[in-house]
RNA sequence: GGCCCUAUCGUCUAGCUGGUCUAGGACACUGCGUUCUCAGCGCAGGAACUCGGGUUCAAAUCCCGAUGGGGCUACCA
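In the numbering used here, the protein residues as written are 59 to 515.
Below, the structure is given as structure tokens:
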């Protein structure tokens, strides 16, 4: 019973914000454990004092919680396997290193830094371990070097602490990034030196940047927090990241965490690296946006858009107005990645840009005709109770009026839209009018008057 | 350099117990339609089995090699 319980772990080192690759590793460990009815453990590997960052542990825990990847055991959830922070387990590593020393499987090494412990690697034969997606891994021992176990500061090195902890925490499956593949022989030999049964391993394919290099800090945004701040939904991020290195073998692409738990299996994990493609992330984000219908006050994308507009428009920016415009923005952006560049298309709502009278002219229609069409529309708008209409109703009403008068849609609607937006491209005049009708109806008429003036000049 | 992993459209991938694959889907891209413009929506289209040897009646699928890409090569993780 106890033997068969699946236990996985996520073992980040607290050196900064959780990054995309880390989140994916955590996710896969979590998914596999939950799919198997097992447990997911969080262990903090703070064995490098030089790289340790204050607050990073708390941040890591918080981020995992935000994504609902709740650990069953971890720093704040102690159980008999704790502590879960390696710096609090120094005695354990020391004890095991002494055992190896006593058995002549390790030795001391003196240097200016102090006294460290090195492991005696076997130099003959092969080291092997089982990787559930790659099969049997075999390495020739003849060119192995003796790795450090305990540094001169008394802290264990990653490889050693990992093996000790995975063993003592009864981890059954070690799911980690491919970058650890080449240290496999050390693991294998350590397990053998102790006479312990090896866990099953899974090495996940790397997540690559557009240059096909391992995603790294210098290549741009890697912190999960950055993407959240930019306005990506956590559901979308998780969904997208799950599809990097795993796929359900069906054509379905949208998965929530519960769906992923249900569908996940190691047989569906891929072997080759996957490029982090922001375009696809945007697509998945759009899908989740539709699905979730986030209320405005919780929408980070909206919040970010407000910030940007405030910055650029200053006094002219109005949040209540922008709330009315927001659905139009959402329809016109691919996602958080192009929000910034698309925003200028909506500045006209806050301040009418200057434009030339020519822009009002539809095809070969005469200036006079355009002017009279605008006047006609202005009159109609004047007598209508605009606040009662949404864009769709407005369209019906206005088109009906135009038809009655025998006025073509193009020669009336084009100038109407231009006079309201001052731009060649914009949302439809009906959408614009509906927005202003809710916000400040006089804006409609002053803009129309301005256009009519331009045509009279 | 050495060791290791990997290899299907631009991207993520299905297919890999060999024939049903004239290689499927999604994103992206292009075109057409709807239409006052943009967006949206609908429809259509271009786009890949890295190469060379085998094995076999038959290979994207199996084997070998080359090449490409990547990772590791610390008293970092």
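The C-beta atom is built at its ideal place from N, Cα and C for all residues, glycine as well.
If you're wondering where the values come from, they're calculated on a predicted model, not measured in any experiment.
Could you check how far apart the C-beta atoms of residue i and residue j are, in whole angstroms? I think they sit under 8 Å.
{"i": "residue 282", "j": "residue 76", "result": "5 Å"}
{"i": "residue 93", "j": "residue 376", "result": "About 49 Å; that fails the 8 Å criterion."}
{"i": "residue 235", "j": "residue 190", "result": "Actually they do not touch by this definition, with Cβ atoms about 15 Å apart."}
{"i": "residue 371", "j": "residue 405", "result": "7 Å"}
{"i": "residue 508", "j": "residue 484", "result": "Residue 508 to residue 484, Cβ: 16 Å. No contact."}
{"i": "residue 195", "j": "residue 242", "result": "6 Å"}
{"i": "residue 273", "j": "residue 280", "result": "5 Å"}
{"i": "residue 342", "j": "residue 294", "result": "5 Å"}
{"i": "residue 205", "j": "residue 244", "result": "5 Å"}
{"i": "residue 176", "j": "residue 164", "result": "6 Å"}
From the options, pick the residue whose C-alpha is nearest to that of residue i; which is it?
{"i": "residue 463", "options": "452, 445, 431", "result": "431"}
{"i": "residue 420", "options": "482, 506, 440", "result": "482"}
{"i": "residue 183", "options": "199, 256, 365, 148", "result": "199"}
{"i": "residue 125", "options": "479, 505, 325, 78", "result": "78"}
{"i": "residue 271", "options": "334, 480, 315, 402", "result": "334"}
{"i": "residue 390", "options": "382, 400, 381", "result": "400"}
{"i": "residue 456", "options": "473, 438, 472", "result": "438"}
{"i": "residue 249", "options": "280, 203, 261, 158", "result": "158"}
{"i": "residue 480", "options": "163, 268, 506", "result": "506"}
{"i": "residue 383", "options": "82, 486, 229, 137", "result": "486"}
{"i": "residue 379", "options": "402, 408, 387, 95", "result": "408"}
{"i": "residue 346", "options": "219, 142, 337, 297", "result": "297"}
{"i": "residue 314", "options": "260, 410, 349", "result": "349"}
{"i": "residue 21", "options": "151, 181, 465", "result": "Residue 21 is absent from the model: the chain starts at 59 and stops at 515."}
{"i": "residue 154", "options": "136, 226, 203", "result": "226"}
{"i": "residue 511", "options": "63, 413, 201", "result": "413"}
{"i": "residue 237", "options": "173, 228, 261", "result": "261"}
{"i": "residue 71", "options": "91, 87, 64, 113", "result": "113"}
{"i": "residue 85", "options": "68, 96, 74, 95", "result": "68"}
Can you tell me which residues form a DSSP beta bridge with residue i?
{"i": "residue 198", "result": "184"}
{"i": "residue 214", "result": "208"}
{"i": "residue 169", "result": "172"}
{"i": "residue 67", "result": "99"}
{"i": "residue 132", "result": "135"}
{"i": "residue 312", "result": "Note: residue 312 sits in no beta bridge, so no partner."}
{"i": "residue 258", "result": "231"}
{"i": "residue 304", "result": "327"}
{"i": "residue 189", "result": "193, 259"}
{"i": "residue 49", "result": "No statement about residue 49 is possible, as the shown extent of the chain runs from 59 to 515 and does not include it."}
{"i": "residue 164", "result": "177"}
{"i": "residue 272", "result": "266"}
{"i": "residue 143", "result": "102"}
{"i": "residue 281", "result": "77"}
- Query: Touch check for the segment 499 to 506 and the segment 452 to 468: three-plus C-beta pairs under 8 Å?
  - Reply: Judged by Cβ distances under 8 Å, the segment 499 to 506 makes no contact with the segment 452 to 468, as fewer than three pairs qualify.
- Sufficient close CB pairs (3 or more, under 8 Å) joining the segment 203 to 220 to the segment 166 to 182: Segments in contact, yes.
- Curious, which full-length beta strand (DSSP E) runs of at least 3 residues does the segment 396 to 421 contain? The segment 396 to 421 contains no whole beta strand (DSSP E) run of 3 or more residues.
- Segment contact flag, the segment 484 to 495 with the segment 435 to 450, C-beta cutoff 8 Å, min 3 pairs: Result yes; three or more Cβ-Cβ pairs closer than 8 Å.
- Query: Quick check: the segment 113 to 120 against the segment 128 to 136, are there 3 or more CB pairs under 8 Å?
  - Reply: They touch, by the three-pair rule.
- Can you find at least 3 beta carbon pairs, one from the segment 298 to 308 and one from the segment 357 to 374, that sit closer than 8 Å? Contact between the segment 298 to 308 and the segment 357 to 374 is absent, with fewer than three C-beta pairs closer than 8 Å.
- Query: Would you call the segment 311 to 322 and the segment 247 to 255 in contact, with 3 or more CB pairs under 8 Å?
  - Reply: Verdict: no, contact absent.
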